[in-house]
Structures are given as structure tokens and as C-alpha cells.
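Worksheet: one structure, shown below.
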Amino acid sequence: MNSSALPSHQPRATSSSLAVAGLVCGILAPFTLLLTAIPAIITGHIARSKIKSSGGTAGGGGMALAGLILGYSSIALVPCFIAIAGLRIRAKADQTKCMINVREIWTGLNEFQTTQGTDTAPYPSDIRQLDSMGFTTNVEELLSLQPEYAGDWLYFSAADSENPSALLLVSPNIGPKHSPIGGGRVTLTVDGKAAIWTWEQVEKRMKESPVPPDHIPAPIKEK
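Start counting the sequence shown at 12; every next residue gets the next number (our numbering).
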């Protein structure tokens, strides 16, 4: 038999290890961003170059391309993650400042309750009266918020002063609206504790209040 007539068998191309590495880094890139996105791009380009010059002995071009796509896509997400992180940091800072302010307001409310409060009127009917009575000097400023947090404070003038966990004051939502990180309401209870609650938590506690709260529009800070 003429051996020249037999079909020739080309060796099967083996996947490039760089292509595999690029794909793995690309898959991880959306979770680790630049940490693996850049290696995915570098190894992907090198793998594709070597595959093209291998004369068909190296395979994995599809994996290398997928790694490149994932790597570049993840880099494009970096600005979005930075923006979200910035919003989160700002919201936390604004919440912390608000918590400090409501604790200062509580000092005036507690002094009023101790010296002038009665069983039927433990706290002033209007929280802003604390200034004119000499218990505070800047309630309006302490209640002021950034324009994006505009809304009503909830003031529980009839709160049970004997119940440490009774609500005294609840802020509008502080944090970006309609975003994955949401926001929270700064709450102040009779015992002077300030915390961040969800609206669901506020609603549940409001059911324990003997009368509905007063709504006080939050003063807006000037930028």
C-alpha cells in the first residue's frame, strides 16, 4: 500500500495555558475589578498573539477572547463602583452627623422633661420651643439636612418618658434614594440613644405611640 495515499493526522491543538489563565482572571474580574481585570487583559492579548503564531498547534483563542471581554467590561465598571462607594461614604457621614445632632437635642428634651414635664405633657408640644425656653440654642440648625434628604421629621411630644425605648424623634430618610445601598432613618429614643433604623422598624415602633407624631419639615442646609 502506498503510504503517501494514507490521510495525514495533524496533532490536536492544545489549549494555551495563558488563554486559560486569562479566562479565569476574566471570570473573577467583576468581583475583584482591577485586581484580576488587568491580568485578564494582559494574558488574553499575549495568548491570542501566541495562538496566531503557533501554526495551529496552540488553541484556546475563544477563551482568551472571553477573558479580554470580561476584563475590559470589569474595568468599565470601576467608575460605577467608585460612585456607589462615594455615595455610601457620604450617607454614612451624614447619618453620623445627624445622630450627633439628635443627641444634642435630647439633652434639651431630657432637661425639659425633668424640670417642667408632666404626665400628660412630658415634652414641649413644639420641639422648636426648646430654644425660647433656654434648653437649647440651635434646634433649627440641628434639624437641618442636605437638600436631597428633604422630608419631615417625626416628633413624639407625647412619648412615654418612663419607657426608655419609646420614640422621641425620627429623621427623614438619609441616604441615596432608589439605589442598591438605600438609606436609613436616624431615630432618637427616650433614653437618649440614637440609631439608624429602616422605615419598617420605625412603623413597627410607631404603633406603640399613644398619639401620632407631629410632622416637622426638615430645614434645608444652604450649599
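Ideal placement from N, C-alpha and C gives every residue a C-beta, glycine not left out.
Once the 5 residues before and after residue i are set aside, which same chain residues still bring their CB inside 6 Å of it?
i: Pro224; result: Leu165, Tyr166 and Phe167
i: Gln41; result: Correcting the residue type first, residue 41 is Pro in the shown sequence and not Gln. Closer than 6 Å at Cβ, skipping near neighbours: Ser85.
i: Leu98; result: Pro187
i: Pro191; result: Note that Pro191 has pLDDT 49, beneath the 50 cutoff, so the model's placement of it is unreliable and no number is given.
Where does residue i sit, in a helix, a strand or coil, going by DSSP?
i: Ser33; result: Going by the sequence as given, residue 33 is Gly instead of Ser. It is helical.
i: Tyr134; result: coil
i: Thr198; result: strand
i: Gly145; result: coil
i: Ser14; result: Low per-residue confidence applies at Ser14: pLDDT is 48, beneath 50, and the placement is therefore not dependable enough to give any value.
i: Ser28; result: helix
i: Ala51; result: helix
i: Val150; result: helix
i: Asp163; result: strand
i: Pro191; result: Any reading at Pro191 needs caution, since the residue's pLDDT is 49, under 50, leaving its predicted position unreliable; the model's value is listed next. The answer is coil: DSSP assigns Pro191 none of H, G, I, E or B.
i: Glu214; result: helix
i: Asp171; result: coil
i: Ala229; result: coil
i: Pro183; result: strand
i: Leu45; result: helix
i: Ala177; result: coil
i: Ser220; result: coil
i: Ile116; result: helix
i: Ser60; result: helix
By alpha-carbon positions, which one of the options ends up nearest to residue i?
i: Gln106; options: Leu179, Ile207 and Ala77; result: Ile207
i: Ser136; options: Ala169, Cys36, Val197 and Ala96; result: Ala169
i: Leu141; options: Asp130, Thr131 and Thr126; result: Thr126
i: Glu115; options: Pro187, Pro90, Ile93 and Leu153; result: Leu153
i: Thr198; options: Gln157, Glu219, Ser176 and Pro187; result: Ser176
i: Pro183; options: Cys109, Met217, Asp202 and Ala51; result: Cys109
i: Lys61; options: Arg196, Thr200, Thr25 and Tyr160; result: Thr25
i: Leu9; options: Leu46, Gly203, Ala51 and Gln212; result: Residue 9 is absent from the structure shown; the chain starts at 12 and stops at 234.
i: Glu173; options: Ala132, Ile52 and Asn149; result: Ala132
i: Ile52; options: Leu79, Lys215 and Leu39; result: Leu79
i: Ala205; options: Lys63, Asp163, Trp117 and Phe146; result: Trp117
i: Glu233; options: Gly194, Arg59, Trp210 and Gln157; result: Gln157
i: Gly151; options: Ala40, Ala229 and Ser64; result: The sequence as given places Glu at residue 151; Gly does not occur at that position. That would be Ala229, whose Cα lies nearest to the Cα of Glu151.
i: Leu39; options: Ala77, Asn112 and Arg101; result: Ala77
i: Phe146; options: Phe42, Glu122, Thr129 and Gly128; result: Glu122
i: Val35; options: Lys63, Ser64 and Gly73; result: Gly73
i: Asn112; options: Thr129, Leu180, Pro90 and Gln124; result: Leu180
i: Ile95; options: His226, Arg216, Gln212 and Gly194; result: Gly194
i: Thr54; options: Ala75, Tyr134, Lys103 and Gly186; result: Ala75
i: Pro187; options: Arg59, Ala102, Pro90 and Phe92; result: Ala102
i: Ala259; options: Ile227, Met144, Val201 and Ile185; result: This structure cannot settle anything about residue 259, because the visible part of the chain is limited to 12 through 234.
Output needed for residue i: all residues of its chain with C-beta closer than 8 Å, excluding positions within five of it in sequence on either side, in chain order.
i: Pro221; result: Ala169 and Asp171
i: Thr148; result: Asp142
i: Ile231; result: Ser155, Leu156, Gln157, Pro158 and Ala161
i: Leu88; result: Pro41 and Leu44
i: Asp163; result: Pro183, His226, Ile227, Pro228 and Ala229
CB-CB under 7 Å to residue i, same chain, minus the five flanking residues each way: which ones, in chain order?
i: Ile57; result: Leu29
i: Arg216; result: Leu178
Can you check the segment 66–98 for any beta strand (DSSP E) of at least 3 residues that lies completely inside it and give the ranges in chain order? Listed in chain order, there is nothing to give.
Is there contact between the segment 24–35 and the segment 61–74, where contact requires at least three CB pairs shorter than 8 Å? Yes, the segment 24–35 is in contact with the segment 61–74.
Is the segment 74–94 in contact with the segment 39–52, if contact means three or more CB pairs nearer than 8 Å? Contact holds: three or more Cβ-Cβ distances are below 8 Å.
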